[in-house]
Amino acid sequence: MKLSQMLFVTLRENPAEAEIPSHKLLLRAGYIRRIGSGIYAYLPFMWRVLQKVSQIVREEMNATGAQECLLPQLQPSELWKESGRWDTYTKAEGIMFALEDRQGRQLGLGPTHEEVITTIAKEMIQSYRQLPIHLYQIQTKFRDEIRPRFGLMRGREFIMKDGYSFHTSEESLKKTYQDMDQAYRNILTRCGLKFRAVEADSGAIGGSGSQEFMVLADAGEDEVLYTEDGKYAANVEKAISIPKKAKSSPFNSYEKRETPKCETIDKLCNFLGCSPSNIVKNVLYEAIFDNGKTVLILVSIRGDQDVNEVKLQNELTKLAHNYQAKALLTLTVPDETAQKKWASKALPLGYIAPDLADDYIEKQKDIEPQFLRFVDHTAVDLKDFVTGANETNYHILGANWGKECNLPKLMVDLRKAKAGDISAHDPNQKLKTARGIEVGHIFQLGTKYSEAMGATYTNEQGEEKPFVMGCYGIGVSRLAQSAVEQSYDKDGIIFPVAIAPYHAIVVVPNISDTEQMAVAEKLYNELNSQGIETLFDDRDERAGVKFKDSELIGIPFRITTGRSLKDGKVEVFKRATKESQDININEVVSIIKNWVETAIKS
RNA sequence: CGGGAUGUAGCGCAGCUUGGUAGCGCACUGCGUUUGGGACGCAGGUGUCGCAGGUUCGAAUCCUGUCAUCCCGACCA
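Per the numbering used here, residue 2 is the first one in the first sequence, and the count goes up by one each step.
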């Protein structure tokens, strides 16, 4: 492609809308253009990158025996009502774009395709003889993200590969799950990315086992905890660890003491001269379930620990049926305005105890009249602890469970693991932390959707059984941007050869020099005919502009037909290392071909 | 949704406090010089000042409302 004929516009300044390096660079280099919040146009360079990533994904998926198809984006609400996800996905903090057609039918724009695929399986797969089967598609997804961010990283419209597998047994599912684990590792390796596979929470999609693939980058939205022996890595949401031991309490007799202006753990420790691990901290949460019921929650945890809200959500989801609900809609720490809606009197904030009286909750329809009380394991073991007195400016010291304070019945793990904790698998290993971008996620769904939607097959014994399912996603557009986030320098993008929009670029410093042009044209044609995807910068620009542009857009190899022509050579420059060398004109094509092939193979 | 900010030329911004001619840099067009690291000179084009209402002789500027975008939290590939 000749640059003079391309839509090629680069920006010298950073657009104000961009925050992280990859977003700035993709905008500046003319790969993407923002059309609306979280909505981007993929310009010609970007589209080539996305097609290359898609092709790698496709090859690795096909190699496992999965079959490609294309499912509808416009999905009838009935399917989602059958699976029970219509309300959670469209109401409150839901992420599905929902619309109504002229006949008044309700439709959603597909944020994911479990419902559609399960319907197909239900209709087309009748016998165990047809199983296992794995279908996937590469397609645009729509999600009404609460806050779109970072360009393609969190868009409202994005490209994703999603695959769904159907099995007769857990063993068969596990086999495909393992195949996907390997396929995903292959994909990310071929794309030239540094990544880590981590244990994950399966979240709203549900199911048992789940693993995320994280591209490591400081701008990542997720925190990964891992051990250096390589035996453990997990998303912080899921991570487990052994907390440090609590310090022994300096308060060996019970007393209620005045503690003015000690509404935070820090201030209280300073005032009393004790360790945060001597304190039982009580955190108030407000949960809203899908039937409109509001439940107030009190979590008691050791003062030096934090609550893992994902773990709390999972506990609440388990208890939803106690409130005649199916799903949890929101979980928040109620602010002042939220408290006013249900509090019968001012709460002793900062001085709450695990046994805060239920009469703080005003009797109202749709509000559970009692606190749901959880205690984390770290708080259960404490002796002679400090906690609130349920009275502003007073704490109790030297308290013990069963004596001055009742131990909540629900004892669960709600602790957030953190860097520095001792690993659960080996006491000699400590957890370390890294930031990552989640580009892939694989789930063992089990029978959640097939049961809900009555999708069954007949087994060898002639019995009707629900399908055992798995689902596997890769954010194609997110992956492409994460490659930039992981690989750039002050001059621009450094694309891995396998997913760069072009392999090489031929630069003519001076287009009015006929020899420079002739050699460049010849090399450009030869390279392309040898399968090296090559750009030709034949624009009427100064050499400096062309060099800067080629580095900004991140083409791996650059050939300049300039001053070395007098020796029968051209200058060849490697973007990643910035090394340059002069190579004979008649050798350059085969040398570059070799470089490209070597880079793509590894 | 809660907290913070911003809307002025294609992009980045100034002007607003103290109301009166809409400005700078980059980009763009033409001519000339320059020609291997985002050149220089001269000339030129470019705006519903986010939108609506109000105050005023007069509003980018003051007031009210509204919409959009971005940043910090919950959501996710």
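The beta carbon of each residue, even a glycine, is placed where N, CA and C say it ideally should be. These figures come from a predicted structure and were not determined experimentally.
For the beta strand (DSSP E) holding residue i, just list the boundary residues, first then last.
i	result
GLY476	469-476
SER166	158-168
ALA505	505-508
GLY545	Segment 544-554 is the alpha helix (DSSP H) holding GLY545; no beta strand (DSSP E) there.
PHE196	196-200
LYS257	256-259
With which residues is residue i paired in a DSSP beta bridge?
i	result
PRO77	LEU108
GLY441	PHE214, ILE475
VAL284	VAL300
THR535	ALA505
ILE560	VAL507, VAL573
ILE139	LYS162
ARG155	ARG150
GLU224	ARG436
GLY493	ASP490
VAL311	Paired residue(s): none; VAL311 is not in a bridge.
GLN68	LEU136
SER128	THR459
Excluding the five sequence neighbours on either side, which residues of its own chain have a C-beta within less than 8 Å of the C-beta of residue i, listed in chain order?
i	result
ILE500	VAL50, LYS53, VAL54, ILE57, CYS192, GLY193, ALA481, ALA484
GLU146	GLY39, ILE96, ARG155, GLY156, ARG157
GLN582	GLU572, VAL573
SER242	LEU226, ALA418, LYS419, ASP422, ILE423, SER424, ALA425, LEU432
PRO73	GLY111, VAL117
In terms of residues, what are the limits of the alpha helix (DSSP H) holding residue i?
i	result
THR91	87-91
ASN236	Counting along the chain, ASN236 falls outside any alpha helix (DSSP H), though it belongs to the beta strand (DSSP E) covering 234-236.
TYR525	515-530
TYR185	171-191
ASN587	586-602
LYS579	It is not in any alpha helix (DSSP H) - LYS579 carries neither H nor E in the DSSP assignment.
GLU124	115-125
LEU100	That residue, LEU100, is in no alpha helix (DSSP H); its beta strand (DSSP E) goes 98-101.
PHE272	266-273
My assumption, with CB atoms under 8 Å, is that residue i sits in contact with residue j. Please give the rounded CB distance.
i	j	result
LYS195	LEU217	5 Å
GLY555	ARG197	Rounded, the Cβ-Cβ distance is 24 Å, inconsistent with contact.
GLN340	LEU348	6 Å
ALA326	ASP377	Actually they are not in contact, since the Cβ atoms of ALA326 and ASP377 sit about 24 Å apart, beyond 8 Å.
LEU566	GLN517	7 Å
VAL300	LEU313	7 Å
ALA380	ARG303	5 Å
LYS245	HIS426	Incorrect: roughly 17 Å between the Cβ atoms, too far for contact.
SER551	ILE512	That belief does not hold up - the Cβ atoms of SER551 and ILE512 are roughly 15 Å apart, past 8 Å.
LEU8	ASP538	No, LEU8 and ASP538 are not in contact; Cβ-Cβ is about 15 Å, not under 8 Å.
LYS466	THR457	6 Å
HIS135	ALA184	Contact doesn't hold; Cβ gap of about 10 Å is too wide.
ASP1	THR120	Because the chain in this structure spans residues 2 to 603, residue 1 falls outside the shown range and cannot be described.
VAL440	LEU524	Not really, about 36 Å apart at Cβ, beyond 8 Å.
Quick one: what's got a C-beta closer than 6 Å to residue i's C-beta in the same chain, skipping five residues either side?
i	result
GLY221	ARG436, GLY437, ILE438
SER173	PRO133
LEU71	GLN138
VAL237	GLU224, LEU226
LEU12	ARG29
THR562	VAL509, GLN517, VAL520, ALA521, VAL571
LYS239	GLU200, ALA201, ASP202
GLU264	GLY351
MET181	ILE443, TYR473
GLU61	ALA184, ASN187, ILE188
GLU83	MET454
ALA354	THR388, GLY389, ASN391
PRO251	CYS275
PHE98	LEU110, PHE143, ASP145
ALA19	LYS25, LEU28
Looking only at its own chain, which residues have a Cβ that is under 7 Å from the Cβ of residue i, when we skip the five neighbours before and after it?
i	result
LYS356	Looking at the sequence provided, one finds Asp at residue 356 rather than Lys. So the list reads CYS406, ASN407, once near-sequence residues are dropped.
ALA420	LEU226, LEU432, LYS433, THR434
ASN585	GLY569, LYS570
GLU310	LEU332
GLU171	VAL469
GLN76	LEU108, GLY109, GLY111, GLU116, VAL117
GLN365	TRP343
SER345	ASP360, TYR361, ILE362, GLU363
GLY31	PHE9, VAL10, THR11, LEU44, PHE46
Item to check | Whole runs of the alpha helix (DSSP H) within the stretch 317-380, excluding any shorter than 4 residues | outcome: 337-341
Item to check | Secondary structure, beta strand (DSSP E): runs of 3+ residues fully inside the stretch 14-60 | outcome: 33-37, 40-43
Next on the checklist: Please give me, in chain order, every unbroken run of the beta strand (DSSP E) with length at least 3 that falls completely inside the stretch 387-461.
Outcome noted: 395-400, 411-413, 433-447, 457-459
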